[in-house]
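Each residue of the sequence shown is one higher than the last, beginning at 2 in the numbering used here.
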Amino acid sequence: MPTCVVTGGAGFIGSNFVRLALADRPDLRIVTIDLLTYAGNLENLEGVPADRHTFVRADITDPDAMRRAVPDGADALVNFAAETHVDRSILGPLAFVRTNVTGTQVLLDAARERGVGRFLQVSTDEVYGSLAPDEPAFTEASPLRPSSPYAASKAGADLLVLAAHRTWGQDVVITRCSNNYGPYQFPEKLIPLMLSNALEGEPLPVYGDGRQVRDWIFTDDHSRAILAVLAGGRPGAVYNIGARSERFNLDVVRAILAAVGRDESLIRFVTDRPGHDRRYAIDPTRLETELGWQPQTAFEDGLACTIQWYRDHEGWWRRVKDGSYRAFYEAWYGKR
Ligand code: NAD
Ligand code: TYD
2 MPTCVVTGGA
12 GFIGSNFVRL
22 ALADRPDLRI
32 VTIDLLTYAG
42 NLENLEGVPA
52 DRHTFVRADI
62 TDPDAMRRAV
72 PDGADALVNF
82 AAETHVDRSI
92 LGPLAFVRTN
102 VTGTQVLLDA
112 ARERGVGRFL
122 QVSTDEVYGS
132 LAPDEPAFTE
142 ASPLRPSSPY
152 AASKAGADLL
162 VLAAHRTWGQ
172 DVVITRCSNN
182 YGPYQFPEKL
192 IPLMLSNALE
202 GEPLPVYGDG
212 RQVRDWIFTD
222 DHSRAILAVL
232 AGGRPGAVYN
242 IGARSERFNL
252 DVVRAILAAV
262 GRDESLIRFV
272 TDRPGHDRRY
282 AIDPTRLETE
292 LGWQPQTAFE
302 DGLACTIQWY
312 RDHEGWWRRV
322 KDGSYRAFYE
332 AWYGKR
């Protein structure tokens with residue numbers, strides 16, 4: 002039975018990947034490794050087939066724990082585990098360096114020692130920095146110009162992954178995806194934060210003028226792209242993932258308000274995020290032409306499905322919002 006190790010599999014995209022991969026490949030076995038930080042939640046993995054899934058609670062920065070947790074000769078390791086929220090990286094960057102940079106090197110070493118077949122690093126378009134309104138979308142050849150400590154830590158990890166390929170001939174691939182949305186996303190990110198606040202009748206904090214642009218992709222489409230890169234990506238190559246779906250933040254917020262029947266008086270324009278990237282846009286031509294991947298979900302359909310999921314899973318997001326997240330919300334939004 003092929004075995005895939007998935008780190009960060011109790012988070013938003015990782016849990017989506019675990020569910021989708023196990024459903025798509027009836028012969029696959031997955032070992033999920035996750036520390037269950039504030040962002041990790043075992044509820045996200047409810048219902049995955051227990052006979053083909055094992056969960057290990059461990060820290061990817063702990064070399065001994067990783068040596069123990071990664072099975073000998075596993076076919077692949079997909080590294081989703083990371084600190085992921087730009088605003089938290091501004092309040093406390095060190096945790097980002099630790100998990101995203103050190104953790105990636107620890108995993109590369111453990112994967113080599115254990116003879117893991119392929120290492121897939123889940124990276125982000127944020128490593129490329131910001132685009133002006135008229136610039137072409139990022140390609141894999143765009144220079145790395147990260148703006149936030151989060152993006153810089155992910156860029157550092159990408160360089161370590163490529164160095165492992167050059168130095169030891171390790172079979173690695175890197176994916177750089179645009180902004181994801183979908184069920185189970187932690188309500189600190191734009192779409193679930195605005196949606197859950199709108200459902201509660203709370204103010205919606207829009208940074209600056211709200212005219213920043215993000216390029217949105219539904220999580221299922223990201224997970225399917227990772228499966229395609231795992232199966233057919235060239236060793237040492239980078240693949241951009243995106244659905245050519247650029248939207249102004251303010252338009253996304255307005256669409257959410259309209260869908261839940263709230264009016265725009267809930268919008269609050271608040272002090273901008275320092276170093277805020279103006280625009281992201283991904284050119285996924287390499288993925289489309291080399292591996293035949295195509296996104297399957299239009300933004301409007303994916304958003305409607307996501308809104309319905311949050312309506313149907315109020316208990317999930319209320320439990321998440323009531324935890325340690327309250328302290329972060331106060332520290333970040335309290336004075337904005
Ligand atoms: P998330 O914050 O929802 O989940 C991160 C997971 O990693 C959590 O389950 C957490 O418990 C786990 N984790 C954190 N530190 C750990 C550690 N030291 N050891 C073990 N586990 C640890 O994140 P997400 O949005 O699902 O993102 C997953 C990956 O995809 C990240 O690498 C991120 O950089 C990348 N990515 C995210 C987006 C996006 O829009 N969310 C876009 C492109 C790329
Ligand atoms: P976010 O979901 O944090 O993703 P990223 O910054 O990694 O792209 O934010 C998406 C966009 O939404 C970004 O331009 C910042 C903006 N934003 C707000 O305007 N208000 C908020 O409260 C948050 C969390 C984000």
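Where is the CB? At the ideal position from N, CA and C, for every residue including glycine.
This structure is a prediction, so every number in the text was calculated from the model and none was measured.
Test item: CB-CB of residue i and residue j under 8 angstroms
| i | j | result |
| --- | --- | --- |
| L194 | I268 | no |
| R115 | V71 | yes |
| S143 | V98 | no |
| T176 | A111 | no |
| F81 | G9 | yes |
| N17 | T220 | yes |
| T307 | I192 | yes |
| P184 | W294 | no |
| L200 | V261 | yes |
| V7 | V79 | yes |
| V87 | Y151 | yes |
| S179 | I257 | no |
Bridge partners - residue i, DSSP secondary structure assignment
| i | result |
| --- | --- |
| Q122 | N80, I175 |
| H54 | I31 |
| C5 | I31, A77 |
| I218 | N181 |
| F99 | Correcting the residue identity first, residue 99 is Arg in this sequence and not Phe. In DSSP, R99 forms no bridge with anything. |
| R113 | Answer is none; R113 lacks a bridge partner. |
| Y240 | T176 |
| V271 | Y208 |
| R248 | R215 |
| F187 | Paired residues: none, contrary to the question. |
N-terminal and C-terminal residue of the alpha helix (DSSP H) that residue i is part of
| i | result |
| --- | --- |
| T290 | 286-292 |
| Y281 | Careful: Y281 lies outside any alpha helix (DSSP H) and carries neither H nor E. |
| L205 | From DSSP, L205 is part of no alpha helix (DSSP H) but of the beta strand (DSSP E) over 205-208. |
| F18 | 13-25 |
| F329 | 326-334 |
| I91 | 87-92 |
| T168 | 150-169 |
| P64 | 64-70 |
Buried or exposed (CB count within 10 angstroms, at least 16 for buried), residue i
| i | result |
| --- | --- |
| T298 | buried |
| V324 | The sequence given here has Gly at residue 324, not Val. Label assigned to G324: exposed. |
| G170 | exposed |
| D135 | exposed |
| D264 | exposed |
| A328 | exposed |
| S149 | buried |
| S246 | buried |
| L288 | buried |
| E84 | buried |
| L92 | exposed |
Selected residue, minimal CA-CA separation from residue i, among the options
| i | options | result |
| --- | --- | --- |
| F56 | D63, V87, H86, V19 | V19 |
| A51 | V239, Q295, L23 | L23 |
| V271 | R337, Y151, D216 | R337 |
| R280 | G130, N101, V87, A156 | G130 |
| D216 | H223, I283, I192 | I283 |
| E127 | G234, R319, D278 | D278 |
| R255 | R245, L196, G118 | L196 |
| R274 | A66, A75, S90, R58 | S90 |
| F187 | Q122, R146, G12, C5 | G12 |
| E44 | W318, V123, Y208 | W318 |
| L160 | E203, T103, S266 | T103 |
| Y182 | T286, A259, T105, R248 | R248 |
First and last residue of the uninterrupted beta strand (DSSP E) at residue i
| i | result |
| --- | --- |
| Y311 | Not the beta strand (DSSP E): Y311 falls in the alpha helix (DSSP H), residues 300-313. |
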